[in-house]
Every structure is written in structure tokens, then in C-alpha cells.
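Chemist: According to my numbering, the sequence shown is numbered sequentially starting from 80.
Every residue gets a Cβ at the ideal spot worked out from N, C-alpha and C, and that includes glycine.
Quick caveat, the model's predicted, so the values are computed rather than measured.
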Amino acid sequence: MGAGDVLPLLETGPGAELEVGESLHLARLRRAFGLFLTFLNQFSERRLGEVRSAMGLVLQHSLAELADLAAAAHRDMLDRNREPEWVVNLLDLVASLRTMATSLGSGEDDQLKEHWTAFLMEQRDPVRALFAELARDEAGKALVARLNTQMKALNRALQTGQGNPLSAIRNLEALLGGALPESTRLRAEPLLLIQHVIASLRITLFRPLDRGVHWPAVEQIRGSLQWLWNHLGWSLPRVEERLLERNLPSDVRALLKKLREGHPPSFRIVARALVSHLALLSLVERAEPAANASIPQRYASVPTFYVIESELGRLAERVFHPRVADGLPAGSEEALLLGAFLRQAVLSLLQDQATIRGLLLQTLTHEDVDQLAATLDNLRALLLSHQRQLMGDLVGLFSPELRAKLFPDSPSLTEEGDRLRQRLHRLWQYMDPALSQIRLHLELRNWPRLALALAQAQAQVAGFRRSPEFLLIRSVDRVEFERLSSQFARNLDDPPDLEPALEEAADGLGEILRFLDQFLLRINARVPLIRLDLNTSREAQRMGVSLREARGDTPERTRLAHRLIQTTKPLGVRDPQALNLLKRWVRAERSGREVRTQLDALLSHLDRLSTRLEAALS
80 MGAGDVLPLL
90 ETGPGAELEV
100 GESLHLARLR
110 RAFGLFLTFL
120 NQFSERRLGE
130 VRSAMGLVLQ
140 HSLAELADLA
150 AAAHRDMLDR
160 NREPEWVVNL
170 LDLVASLRTM
180 ATSLGSGEDD
190 QLKEHWTAFL
200 MEQRDPVRAL
210 FAELARDEAG
220 KALVARLNTQ
230 MKALNRALQT
240 GQGNPLSAIR
250 NLEALLGGAL
260 PESTRLRAEP
270 LLLIQHVIAS
280 LRITLFRPLD
290 RGVHWPAVEQ
300 IRGSLQWLWN
310 HLGWSLPRVE
320 ERLLERNLPS
330 DVRALLKKLR
340 EGHPPSFRIV
350 ARALVSHLAL
360 LSLVERAEPA
370 ANASIPQRYA
380 SVPTFYVIES
390 ELGRLAERVF
400 HPRVADGLPA
410 GSEEALLLGA
420 FLRQAVLSLL
430 QDQATIRGLL
440 LQTLTHEDVD
450 QLAATLDNLR
460 ALLLSHQRQL
470 MGDLVGLFSP
480 ELRAKLFPDS
490 PSLTEEGDRL
500 RQRLHRLWQY
510 MDPALSQIRL
520 HLELRNWPRL
530 ALALAQAQAQ
540 VAGFRRSPEF
550 LLIRSVDRVE
560 FERLSSQFAR
570 NLDDPPDLEP
580 ALEEAADGLG
590 EILRFLDQFL
600 LRINARVPLI
610 RLDLNTSREA
620 QRMGVSLREA
630 RGDTPERTRL
640 AHRLIQTTKP
650 LGVRDPQALN
660 LLKRWVRAER
670 SGREVRTQLD
680 ALLSHLDRLS
690 TRLEAALS
């Protein structure tokens, strides 16, 4: 996947129509099937660890979702082709017999007899109506006679215990399948096969769920679904044409075409990253909000986030790796800008990948469905925000107009940091006086008031853990906060001895407050440095503009050049790119070539740096 995915759209007019493919229900089934199989192929035995029980629920509910999608696609196929009622009943009967023949082993004749008896009682009228429909002609009458003979043989084998009932069920199912019209059979057979395989796999998972799923069961599911996927000949495109068509309107395509004509190497990088971004964004956006979803739907959403976690690592390694800038002109401004951006992008992608992995592991270990819903929704919001930030910054390097068209409302990292700082400060403002009050209650041995104050503090801590801002903390700090808050919650969770537990909880709350103090100090300590770099970059930019307007080799120009060097050099401590551009300008001054070009590049970077630092302060 790369720039080639975008090129056809650049040559397509706004009135071009995309080819209409499969039905909506079948497309949903194929997409969900492919994502679940991708999750199974990426999953490993070491990841099971402490989440065996929860992973069993994930597999069970994911298979149930696939079964529902396959049933919906099956019904849609029958409705679109206007199949008669007797064909629908015949297909249902064939599917039921297939499941019955594989759900029980050869030594479980008693259970098979119960299932068969209950099935006949429930399906008596539809079976009679079906046999009457089949017996309308001479060939149909002969088929119905063979079916009755086979059913009698099955009943006799179940009642006497002689013969092979499973073989009789398979023979009955084969006779019924032969009665289907050939065109209907060709359309329905793939969906019947999917339903049959998924039903069989779900049955195998019921037994070990009391102790959680084990790796052989995961391998069996993966192997069966991989065989089915290959047998169907399906494929899952990384990005769909309709997705590109919807997200790349004509004016955006015109800007991309202009970028391709003016900067071909830059266009290839932007186009490849843009397509990867849209593919990942489609995964995130199609995930339904988990807060209002049922418990099975919440567990069935987990594989999608594991696929996204793996995709973030792929993007960091292949699409956003700094080596992709090797094709740009060495030492050019765009190569320097892109190299700095890609290094930051890789760090951001890997941090998001670690956030997904850590939070899913923790949530599945606790088996708390409410926490699972909050985690999935917060991860969804985080991924949407960070992906738009990355792509907005990348596109903005080469075309600010294109960024405004594609990502008009994308937040900046500065805005996210400010949101996190405000949320932490609100929590600290509550905790600081609350801890003083708690210590007073503890000193007075006022246990009811102490318990109430600790419960209120616990609600504040839990609220911060469920907030979207909590995911913005670095993984190391997030793990530490999780440890402190979990220990604090355990002290209050139905303790055997109340008074010592309340004392320990008060101490735990003090640890949390100390963590917040240190964290906020680290954040606020950066403000003076940001203000210093802002003033320095503004002063250096002012001197650079004066130097550019100076004419000839005069003493005033020499003095301005020396002052510009001395003023800009300290910026290199926290912004190496400013130092690199300064060195290029100095070499140009000494050689007397491209002086104006290198000075403009330095001033352009100083202007962007000032804007970024000013936004950080605000």
C-alpha cells in the first residue's frame, strides 16, 4: 500500500462512479471475518497469560458476532433472490442437520436422541410442508420416499442403539441438499459453510471456559477459520476505494496533484502515510461506542483494538520510519523538516501502541465490563485525536492549505497537554484540602466522617482513571498511578478490620497526592524554558529580518550577523534543527553562495518555532 492507491483518484473526475460490488451484509461479514482472522494470526501464546478467562469470552462473543453476520447475509441473499418459502425451510433444515451431526460424538447417542426428538417436535409442521412441496412431481415423490426411509432408519438406530445415527443424519442431510436448485445451492453453500464452521467452533469453546481458554483451542479456531477463508477465496483490502473517494474530495485531490507535480518525493511520502492513516482511521471510526453496547458486543470489539495495536507498530516501522526521507534531496529544508517530524511520529505511534496493549491487558485481567467499555471508548477517542494530529502535521509541512482542507479541526499536542494539565490540576485542587480534612478526622478518630471523605476521594480518583485525559500520561507514570490507586481501592474494598484499613487508605491517598505534586512540578518546570526559547526565537527572527534588509558588506551587517549567531545558538539545546539551519547559513556566508536561500530557510523555521512555543504557553 502506498502512493499508487491515491494515483487513480488524482486522474478521476468528480463525476466518476465506483464499481458496485457485493451486498452490504456480505461486505460486513467479510470485513469482520478478515479482522478476526488477522487478530488470531497476530495473537501468541505468551499473550494469554492472566487473561485466559476473559480471552475465552472474547473468542466466544466474536464467533457469535460472526454467526449473526453470516445469518444476516444469508437472509439478505434469500430476500434479494426472492427464494420461495420451501427453499428457505430446506436450507434451515440442512443447516440444522449439519450442526447436529458435528456437535456430538459417536458415544453420545442418548443426547443425540434427545436433540433429535426435540427437533422433530419443533419442526414437525415445516418438515411436513417441505415434503409436500417436494412431492409435486414424480422425481420429487421418489426423493420424498428415500427421505422417509432414511428418517425411519435414523429413528430405528436411535431407539435400538444399533447402527450409526451420525452417519444416518449425514445421509439425510446429503439427500436434502440434493433437492436444492443448483443456482440456489451455489449462492447459499458458502454462507451455510460459514455458519456450520462457526457453530462447530463455538461448541468446542463451551467446555474449557470454566478455567479460561487454552492455546490449543485458539490454534484450532485459527486453523479452521484460515482454511475457511482460503476455501472461500476471500481477501481483505487494506484500504477500500470508497473510503478514499469519500475522504479525498475533488479540491483535496487537486492539491495532492499539485504536490505531486512540484515535489514528487514528498508526494510519495505524504500519499503513503495518508492512505495508511485513512485505513487505520476507518478501523477506529467503525468501532461502535462501547458505553451503550451490550456485554457481548464489548468483548467482540476487543480483537479490532488488538489489530489496531499491531497496525500502529507496522506504521512506525514502515511508513513513518525516518529512513523514508532518504529519497529527498540531502540537506534540503524539507528533508530536515520531515526527518524531525518522522522521529516524533514514531515515538507517538509506539506510545499509543504501548497504551493500547497495557490498558487492554489490565482491563481483561480485572474482567470488569464497565471498565472495559470506558477503556475502549477512551482508546477510540485517543486514536482518532492522535491520528489526525500526525497527519495534519505531516501534510502541513508541505501544504498548509491541504492540511486546512483535510484536517480543519485536528487538535494539537499542545492542546492535549494543556487539557491533561488542567485535569490534573483540578484533581490536585480537590485532593490537597481533602487530605488535610482526612488527617483531621483520623486524628480525632471520627471513623464515619473519615470513611465518607475517603469514599469521596476514591470517586475522584476513579473518575480521573476513566477520563480520556488519563490515557495521555506516559505509560511509566500511568502504571505508577494505577498501582497507587489500585492499592488505595483495595484498602477500602470490604476490609475485615475497618479502622486499620481506613488508616492505610489515608496513607495511600497521601501517596497519590505526592505523585500528583511531582507530576505537576515536572510539567510546570517546562514553562520557564518555553518562555525563554520563545523570547530567543523572536529576537533571532528580528535580527535575521534586519540582516536580510542590510545591503553590502558593511560593519553594521557584520555586527548583525555575529549577534544572530550568538542569539540563535542556544536554541540548539532543545531544537537541533535551528542549530543545523544556522550552520548551513554560516557556511553559505563564508562561501558566498545561496546566502539569501539559507537565511530564508532559517527565518522560516524561527517563525514556525515561535508560533509553536506561543501556542504552548497559551
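Thinking C-alpha only, which one of LEU428, LEU213, ASP447, LEU353 is nearest VAL166?
Modeler: Sequence index remark: in the sequence shown, residue 166 carries index 87 (1-based). When only C-alpha atoms are compared, the closest one is LEU213.
Chemist: With ALA395 and SER554 assumed to form a contact (beta carbons below 8 angstroms), what rounded beta-carbon distance in angstroms separates them?
Modeler: Within the sequence shown, the letter at position 316 stands for residue 395. Within the sequence shown, the letter at position 475 stands for residue 554. At roughly 15 angstroms, the Cβ-Cβ gap does not stay under 8 angstroms, so ALA395 and SER554 are not in contact.
Chemist: With the cut-off set at 8 angstroms, would you say ALA453 and ALA372 are in Cβ contact?
Modeler: On the sequence shown, position 374 is the one that residue 453 refers to. On the sequence shown, position 293 is the one that residue 372 refers to. Contact flag unset, no.
Chemist: Name the two residues that bound the continuous alpha helix (DSSP H) containing THR633.
Modeler: Along the sequence shown, one-based indexing puts residue 633 at 554. Here THR633 belongs to no alpha helix (DSSP H), and DSSP marks it neither H nor E.
Chemist: Rounded to a whole number of angstroms, what is the C-alpha to C-alpha distance between TRP313 and ALA404?
Modeler: Here the question's residue 313 lines up with position 234 in the sequence shown. Here the question's residue 404 lines up with position 325 in the sequence shown. Cα to Cα, the separation comes out at about 35 angstroms.
Chemist: What would DSSP say about GLY257, mapped onto helix, strand or coil?
Modeler: Within the sequence shown, the letter at position 178 stands for residue 257. GLY257: helix per DSSP, three-state reduction.
Chemist: Once the 5 residues before and after ALA150 are set aside, which same chain residues still bring their CB inside 7 angstroms of it?
Modeler: Here residue 150 refers to the residue found at position 71 when the sequence shown is read from its first residue. These residues qualify, in order along the chain: GLN274.
Chemist: Can you tell me whether DSSP reads TRP294 as helix, strand or coil?
Modeler: For the purposes of this step, residue 294 is taken as residue 215 along the sequence shown, with counting starting at 1. In the structure shown, TRP294 sits in a helix (DSSP, three-state: H, G or I).
Chemist: Out of curiosity, what's the CA-to-CA distance linking LEU514 and GLY589?
Modeler: Numbered from 1 along the sequence shown, position 435 holds the residue referred to as residue 514. Numbered from 1 along the sequence shown, position 510 holds the residue referred to as residue 589. Rounded to whole angstroms, LEU514 to GLY589 spans 7 angstroms at the Cα level.
Chemist: For ALA534, which residues of its own chain have a beta-carbon under 8 angstroms away from its beta-carbon, when the five flanking residues on both sides are left out?
Modeler: For the purposes of this step, residue 534 is taken as residue 455 along the sequence shown, with counting starting at 1. Around ALA534: LEU571.
Chemist: Please give the ranges of any alpha helix (DSSP H) in the stretch 345-424, keeping only runs that are unbroken, at least 4 residues long and fully inside the region.
Modeler: The stretch 345-424 contains these whole alpha helix (DSSP H) runs: 374-393.
Chemist: Can you tell me which of the three DSSP states PHE122 falls into?
Modeler: The residue labelled residue 122 in the question sits at position 43 within the sequence shown. Three-state result, PHE122: coil.
Chemist: Could you pull the start and end residues of the alpha helix (DSSP H) that LEU551 belongs to?
Modeler: As a position in the sequence shown, residue 551 is number 472, starting the count at 1. Premise fails: LEU551 is in no alpha helix (DSSP H) and is neither H nor E.
Chemist: Is it true that the CB of ALA532 sits closer than 8 angstroms to the CB of MET510?
Modeler: Residue 510 sits at position 431 when you count from the first residue of the sequence shown. Residue 532 sits at position 453 when you count from the first residue of the sequence shown. Result no, Cβ atoms of MET510 and ALA532 do not sit closer than 8 angstroms.
Chemist: Using a Cβ-Cβ cutoff of less than 6 angstroms, which residues in the same chain neighbour LEU170 once the five nearest sequence positions on both sides are dropped?
Modeler: Here residue 170 corresponds to residue number 91 of the sequence shown, with the count starting at 1. Within the same chain, LEU170 has close Cβ partners ALA267.
Chemist: Is the CB-CB distance between ASP556 and PHE598 below 8 angstroms?
Modeler: Your numbering for residue 556 matches position 477 in the sequence shown. Your numbering for residue 598 matches position 519 in the sequence shown. Closer than 8 angstroms, so yes.
Chemist: Do PHE118 and PRO382 have their beta-carbon atoms positioned less than 8 angstroms apart in this structure?
Modeler: As a position in the sequence shown, residue 382 is number 303, starting the count at 1. As a position in the sequence shown, residue 118 is number 39, starting the count at 1. Their beta carbons are under 8 angstroms apart, which means PRO382 touches PHE118 by this criterion.
Chemist: Smallest Cα separation from GLU578: which of ASN525, ALA541, GLN202, PHE560?
Modeler: Translated into the one-based positions of the sequence shown, residue 578 becomes position 499. Ranking the options by Cα distance to GLU578, first place goes to ASN525.
Chemist: Since HIS104 and ALA152 are thought to touch, with beta carbons under 8 angstroms apart, how far apart are those beta carbons, to the nearest angstrom?
Modeler: The residue given as residue 104 occupies position 25 in the sequence shown. The residue given as residue 152 occupies position 73 in the sequence shown. The pair is a contact, with the Cβ atoms about 4 angstroms apart (cut-off 8 angstroms).
Chemist: For LEU265, which three-state DSSP category applies?
Modeler: Walking along the sequence shown from the start, residue 265 turns up at place 186. Helix.
Chemist: Nearest to LEU255 by alpha carbon, out of LEU307, TRP306, THR442, ARG177?
Modeler: As a first step, residue 255 must be located in the sequence shown, where it is residue number 176. Comparing Cα-Cα distances from LEU255 to each of LEU307, TRP306, THR442, ARG177, the minimum goes to ARG177.
Chemist: Does DSSP put THR454 in a helix, a strand or coil?
Modeler: Within the sequence shown, the letter at position 375 stands for residue 454. The answer is helix: DSSP assigns THR454 an H, G or I state.
Chemist: Can you check whether the CB of PHE346 is closer than 8 angstroms to the CB of LEU334?
Modeler: Position 255 of the sequence shown, counted from the first residue, corresponds to residue 334. Position 267 of the sequence shown, counted from the first residue, corresponds to residue 346. No, the Cβ-Cβ distance between LEU334 and PHE346 is not below 8 angstroms.
Chemist: Under 6 angstroms Cβ to Cβ from SER683, same chain only, skipping five residues before and after it: list those, please.
Modeler: As a working note, residue 683 is residue 604 in the sequence shown. Here the set comprises nothing.
Chemist: Report yes or no: do the stretch 351-361 and the stretch 427-446 share at least 3 C-beta pairs separated by less than 8 angstroms?
Modeler: Taking 8 angstroms as the limit for Cβ pairs, the verdict is that the stretch 427-446 does not touch the stretch 351-361.
Chemist: Go ahead and pull the three-state DSSP assignment for GLY240.
Modeler: To locate residue 240, count along the sequence shown from 1; it is residue 161. Coil.
Chemist: Buried or exposed: which applies to GLN677, given that a residue is buried once 16 or more other Cβ atoms fall within 10 Å of its Cβ?
Modeler: For the purposes of this step, residue 677 is identified with residue 598 of the sequence shown, where counting begins at 1. So GLN677 counts as buried.
Chemist: Starting from LYS484 and walking both ways along the alpha helix (DSSP H), at which residues does that stretch end?
Modeler: By one-based count along the sequence shown, residue 484 stands at place 405. First-last of the alpha helix (DSSP H) with LYS484: 479-485.
Chemist: Quick check: the Cα distance between VAL558 and ARG545, rounded to an integer number of angstroms?
Modeler: Sequence index remark: in the sequence shown, residue 558 carries index 479 (1-based). Sequence index remark: in the sequence shown, residue 545 carries index 466 (1-based). Going from the Cα of VAL558 to the Cα of ARG545 covers about 14 angstroms.
Chemist: For the 8 angstroms Cβ check, are there 3 or more pairs between the stretch 138-146 and the stretch 275-284?
Modeler: The stretch 138-146, when compared against the stretch 275-284, does touch it at the 8 angstroms Cβ threshold.
Chemist: If I measure Cβ to Cβ from ASN168 and keep anything under 6 angstroms in the same chain, skipping five residues before and after, which residues do I get?
Modeler: As a working mapping, residue 168 is identified with position 89 in the sequence shown. So the qualifying residues of the chain are PRO205, LEU209.
Chemist: One question on the structure: do GLU561 and ARG502 come within less than 8 angstroms of each other, judged by their Cβ atoms?
Modeler: The residue given as residue 561 occupies position 482 in the sequence shown. The residue given as residue 502 occupies position 423 in the sequence shown. Result no, Cβ atoms of GLU561 and ARG502 do not sit closer than 8 angstroms.
Chemist: Check the C-beta distance from ASP686 over to GLN620 and give it rounded, since I have them as a contact under 8 angstroms.
Modeler: Residue 686 sits at position 607 when you count from the first residue of the sequence shown. Residue 620 sits at position 541 when you count from the first residue of the sequence shown. The Cβ separation is near 6 angstroms, so the contact holds.
Chemist: Give me, in chain order, the residues of the same chain whose beta-carbon lies closer than 7 angstroms to that of VAL448; leave out the 5 immediate sequence neighbours on both sides.
Modeler: Residue mapping note: residue 448 aligns to position 369 of the sequence shown, counting from 1. Correct list, in chain order: ILE374, ARG377.
Chemist: Between LEU660 and LEU415, what straight-line distance do the alpha-carbon atoms span, to the nearest angstrom?
Modeler: On the sequence shown, position 581 is the one that residue 660 refers to. On the sequence shown, position 336 is the one that residue 415 refers to. Going by the C-alpha atoms only, they are around 9 angstroms apart.
Chemist: The alpha helix (DSSP H) spanning GLU312 covers which residue range?
Modeler: Numbered from 1 along the sequence shown, position 233 holds the residue referred to as residue 312. With the sequence shown as reference, residue 312 is identified as Gly, and Glu is not the correct amino acid for it. First-last for GLY312: undefined, no H or E at that position.
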